[in-house]
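Colleague: Mind looking over this structure? Questions follow.
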Amino acid sequence: MSKSVIEMPPKGGFSFDLCKRNEMLAKKGVSPPSFRKTGTTIVGLIFQDGVILGADTRATEGPIVCDKNCEKIHYMAPNIYCCGAGTAADTEAVTDMVSSQLQLHRYHTGRESRVVTALTLLKRHLFNYQGYVSAALVLGGVDVTGPHLHTIYPHGSTDTLPFATMGSGSLAAMAVFESKYKEGLTRDEGIKLVTEAICSGIFNDLGSGSNVDICVITKGGKEYLRNHLQPNPRTYTSSKGYSFPKKTEVLLTKITPLKEKVEIIEGGDAMEE
Amino acid sequence: MGDSQYSFSLTTFSPSGKLVQIEHALTAVGSGQTSLGIKAANGVVIATEKKLPSILVDETSVQKIQCLTPNIGVVYSGMGPDFRVLVRKSRKQAEQYHRLYKEPIPVTQLVRETAAVMQEFTQSGGVRPFGVSLLVAGYDDNGPQLYQVDPSGSYFSWKASAMGKNVSNAKTFLEKRYTDDMELDDAVHTAILTLKEGFEGQISGKNIEIGIIGADKKFRVLTPAEVDDYLAEVE
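Here the protein sequences come in this chain order: B and E.
Using our numbering, you'd call the opening residue of the first sequence number 1 and step up by one each time.
Using our numbering, you'd call the opening residue of the second sequence number 1 and step up by one each time.
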């Protein structure tokens, strides 16, 4: 028996059907809605016992700060963490997806995940979407082969480095690293340097701000120091308290209580079943 | 299954209303190695015989009890390769649930989804039913739970159950010994004694496998050394 089957292209990926419409709207002066980006300063460095990742906590929607204390250091595996810059939804979705894939891989192999595995899964995904998934990541972790630190660009290229920065505040942070980084830093020196680099981004870049998050990963385990430093505290209550002006006179007070009106119908028919 | 000579279902009803393929699948399970599970007041234990075809087989490479999520484990009786396929599918389903709802999958949900997969294979074209019965042990917000899933896709919650070769003796033994307020350690001892009943040869940590999950909600397979300790306590 022969069947004529119409070959449909596989569904999935992005649909570019509305691109022409968007172009036409743009010509007419309609601007596309802005989306939430993590302007960001994210950094990572390798110290003597492992990897330290750092990030600021400001999320922006155009010129507005939409989240003053968001989490940019995402969990990938018990021994691997990833900082994300770019479109917040993209970084969260992509790290979540790869974290899930790594978990399944761990079950099948019975072994701890390797940083290069996470790296390859991420770069393959990003390359497939040709840069439209706007996620710039700093991936760091410690596995059986030692500590690793990588940067991943939205188009899918990667770098392997001893210290790395990404995001709009990357130049400010890199300036700090380039002058002060040396090999074989201790844990405290490393944390201090990462904090300095993030603070440099927080104070000199508009897209970064608020607090500093740090994650220290070593062979023994990981330490997630959420809000390790808060150089921009927000005081919500005025120390003087609030006082309302007392100039309004009361002329008349009239209180009308609301009365309930319930009618009881005697001998009504029951509802039909 | 599309354009092939086997696009009809291989599992068809007999005139007496039975699905003969499923009956045969249950026979395959019944000739597999004994496995059993016991639900205690504060945990669940599952155990199985691990009889290898020859002394030359490296027993450390064989693991019959598998972990589906950190708090759910599973053991089988029947065909090992079919079990591998089911474990893979179940793990993926658990992970997909977690991605969608950001909560660990409840034991009943995972059992239901696994049973649905097994039922699919009794009603699809060109495939045969799975030749395994599973014992799923888990600990979630509803406490410790033990489920048995059959090749037909039906599942039941048990306080204690056994499958495989020595099933009738094992079940009778369990019925006599089971108490509702059993602790996890007692359950492990009872499991070992039940396995010992029908065991041919010398029982040791190398030819049985035991998996436990306690109130810490972490499923783990006991090491051969730990199993030997429990065996010594039982003697």
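Using N, Cα and C, we set each Cβ at its ideal position, and we do this for glycine too.
1. Going by Cα to Cα distance, which pick from B/VAL216, B/THR195, B/VAL144 is closest to B/LYS180?
2. Residues of chain E with a CB under 9 Å from the CB of B/SER100: which are they?
3. Within 10 Å of its beta-carbon, does E/ILE192 have 16 or more other beta-carbons around it, so buried, or fewer, so exposed?
4. Report yes or no: do three or more beta-carbon pairs, one from the region 102-115 of chain B and one from the region 40-50 of chain B, lie closer than 8 Å?
5. Report, in whole angstroms, the separation of the C-beta atoms of B/GLU223 and B/VAL212, which I expect to be a contact under 8 Å.
6. Whole angstroms is fine: what's the gap from E/VAL62's alpha carbon to E/ALA137's?
7. Listed from N- to C-terminal order along the chain, which residues in the region 95-124 of chain B have their beta-carbon within a distance smaller than 8 Å of any beta-carbon of chain E?
8. Would you kindly work out how many angstroms separate the C-alpha atoms of E/GLY73 and B/SER238, rounded to a whole number?
9. Pairing CB atoms from the region 104-120 of chain E with CB atoms from the region 11-26 of chain E, are three or more of them under 8 Å?
10. Tell me the start and end of each unbroken beta strand (DSSP E) in the region 65-133 of chain E that is at least 3 residues and wholly inside, in chain order.
11. Quick one, which of B/ARG111, B/GLY220, B/GLU61, B/PRO162 has its alpha-carbon nearest B/PRO33's?
12. Quick check on the burial criterion: 16 or more other C-beta atoms within 10 angstroms. Buried or exposed for B/SER170?
13. Following the continuous alpha helix (DSSP H) through B/HIS125, name the residue where it begins and the one where it ends.
14. Can you confirm whether the region 35-49 of chain E touches the region 254-269 of chain B when touching is taken to mean that 3 or more C-beta pairs between the two stretches lie within less than 8 Å?
15. Over what stretch of residues does the beta strand (DSSP E) that includes B/THR165 continue unbroken?
16. Output needed for B/MET174: all residues of its chain with C-beta closer than 6 Å, excluding positions within five of it in sequence on either side, in chain order.
17. Can you tell me whether B/VAL98 is buried or exposed, with buried defined as 16 or more other CB within 10 angstroms of its CB?
18. What runs of the beta strand (DSSP E), each 3 residues or longer, lie entirely inside the region 158-236 of chain B?
19. Name the chain B residues whose beta carbon is nearer than 9 Å to that of E/ARG91?
20. Quick one: does E/ARG220 have its CB under 9 Å from some CB of chain A?
21. When you compare the CB positions of E/ASP150 and E/LEU19, do they come within less than 9 Å of one another, or not?
22. Report the start-end ranges of each beta strand (DSSP E) in the region 140-193 of chain E that is 3 residues or longer and not cut off at the edges.
23. Can you tell me whether B/ASP205 is buried or exposed, with buried defined as 16 or more other CB within 10 angstroms of its CB?
24. Just tell me which of E/GLY32, E/VAL45, E/ALA47, E/THR60 has its CA closest to the CA of E/ASP82.
25. Would you say E/LEU68 lies against chain B (beta-carbon separation less than 9 Å)?
26. I want to see whether chain B comes within less than 9 Å of E/ARG88, judged by CB atoms only; does it?
27. What's the C-alpha gap between B/THR95 and E/ALA225?
28. With the cut-off set at 9 Å, would you say E/PHE219 and E/ILE213 are in Cβ contact?
29. Is any heavy atom in the ligand FAD found nearer than 8 Å to the beta carbon of B/SER179?
30. Comparing alpha-carbon positions, which option in E/LYS89, E/LEU231, E/LYS206, E/LEU222 lies nearest E/ILE55?
31. From E/SER161 to E/GLY43, what does the alpha carbon distance come to, in whole angstroms?
32. Whole angstroms are fine: how far does the CA of B/GLU178 sit from the CA of B/PRO162?
33. Leaving aside the five residues before and after E/ARG109 along the sequence, list all residues of the same chain whose C-beta is less than 8 Å from its C-beta, in chain order.
34. Using a threshold of 9 Å, state whether the C-beta atoms of B/LEU137 and B/LEU122 are closer than that.
Modeller: So, from the listed chains and residues:
1. By 1-based counting over the first sequence, the position of residue 180 of chain B is 180. Checking every option, the nearest Cα to that of B/LYS180 belongs to B/THR195.
2. On the first sequence, residue 100 of chain B is found 100 positions in, with the first residue counted as 1. By Cβ distance, chain E contributes GLU95, GLN96, HIS98, ARG99.
3. Counting from one through the second sequence, the residue named residue 192 of chain E turns up at place 192. It is buried - the Cβ of E/ILE192 has at least 16 other Cβ atoms within 10 Å.
4. No, the region 102-115 of chain B does not touch the region 40-50 of chain B.
5. By 1-based counting over the first sequence, the position of residue 223 of chain B is 223. By 1-based counting over the first sequence, the position of residue 212 of chain B is 212. Wrong, their Cβ atoms sit about 14 Å apart, outside the cutoff.
6. By one-based count along the second sequence, residue 62 of chain E stands at place 62. By one-based count along the second sequence, residue 137 of chain E stands at place 137. Whole-angstrom Cα-Cα distance: 20 Å.
7. Those would be ASP96, MET97, SER100, GLN103, LEU104, TYR107, HIS108, in chain order.
8. The count along the second sequence starts at 1 and reaches residue 73 of chain E at position 73. The count along the first sequence starts at 1 and reaches residue 238 of chain B at position 238. Distance between the alpha carbons of E/GLY73 and B/SER238: 56 Å.
9. no
10. 66-69, 72-78
11. The residue labelled residue 33 of chain B in the question sits at position 33 within the first sequence. Checked all of B/ARG111, B/GLY220, B/GLU61, B/PRO162; the closest Cα to B/PRO33 is B/GLU61.
12. Mapped onto the first sequence, residue 170 of chain B falls at position 170. By the 10 Å Cβ count, B/SER170 comes out buried.
13. Taking the first sequence and counting its residues from 1, the one referred to as residue 125 of chain B is at position 125. Taken as a continuous stretch (DSSP letters only), the alpha helix (DSSP H) holding B/HIS125 covers 115-128.
14. no
15. The residue labelled residue 165 of chain B in the question sits at position 165 within the first sequence. Start and end: 163-166.
16. As a working mapping, residue 174 of chain B is identified with position 174 in the first sequence. If we look at B/MET174 and ignore the five residues flanking it on each side, its Cβ neighbours are THR165.
17. Locating residue 98 of chain B in the first sequence gives position 98, counting from the first residue. With 16 or more Cβ atoms within 10 Å of its Cβ, B/VAL98 is classed as buried.
18. 158-160, 163-166, 212-218, 222-229
19. Residue numbering aside, residue 91 of chain E sits at position 91 when the second sequence is read from its first letter. The answer, in chain order, is GLN103, LEU104, TYR107, HIS108.
20. Absent from the structure is chain A; the protein chains it does hold are B and E.
21. Within the second sequence, numbered from 1, the residue matching residue 150 of chain E stands at position 150. Within the second sequence, numbered from 1, the residue matching residue 19 of chain E stands at position 19. Result no, Cβ atoms of E/ASP150 and E/LEU19 do not sit closer than 9 Å.
22. 143-149, 155-157, 160-163
23. Here residue 205 of chain B refers to the residue found at position 205 when the first sequence is read from its first residue. By the neighbour-count rule (16 or more Cβ atoms within 10 Å), B/ASP205 is buried.
24. Sequence index remark: in the second sequence, residue 82 of chain E carries index 82 (1-based). Nearest of E/GLY32, E/VAL45, E/ALA47, E/THR60 to E/ASP82, Cα basis: E/GLY32.
25. In the second sequence, counting from the first residue as 1, residue 68 of chain E sits at position 68. E/LEU68 counts as touching chain B.
26. As a working note, residue 88 of chain E is residue 88 in the second sequence. It does: the Cβ of E/ARG88 has a partner Cβ on chain B nearer than 9 Å.
27. The residue labelled residue 95 of chain B in the question sits at position 95 within the first sequence. The residue labelled residue 225 of chain E in the question sits at position 225 within the second sequence. Approximately 39 Å, taken between the alpha carbons.
28. Numbered from 1 along the second sequence, position 219 holds the residue referred to as residue 219 of chain E. Numbered from 1 along the second sequence, position 213 holds the residue referred to as residue 213 of chain E. A contact, by the Cβ cut-off of 9 Å.
29. As far as ligands go, the structure on display features none, and thus does not contain the ligand FAD.
30. If you number the second sequence from 1, residue 55 of chain E lands on position 55. Checked all of E/LYS89, E/LEU231, E/LYS206, E/LEU222; the closest Cα to E/ILE55 is E/LYS206.
31. Translated into the one-based positions of the second sequence, residue 161 of chain E becomes position 161. Translated into the one-based positions of the second sequence, residue 43 of chain E becomes position 43. One C-alpha to the other measures close to 15 Å.
32. As a position in the first sequence, residue 162 of chain B is number 162, starting the count at 1. As a position in the first sequence, residue 178 of chain B is number 178, starting the count at 1. Each residue's alpha carbon lies about 11 Å from the other.
33. Position 109 of the second sequence, counted from the start, is the residue given in the question as residue 109 of chain E. At residue 109 of chain E the sequence reads Gln, which differs from the Arg that was named. Around E/GLN109: TYR97.
34. Stepping through the first sequence from its first residue, residue 137 of chain B is reached at position 137. Stepping through the first sequence from its first residue, residue 122 of chain B is reached at position 122. Going by C-beta atoms, B/LEU137 is nearer than 9 Å to B/LEU122.
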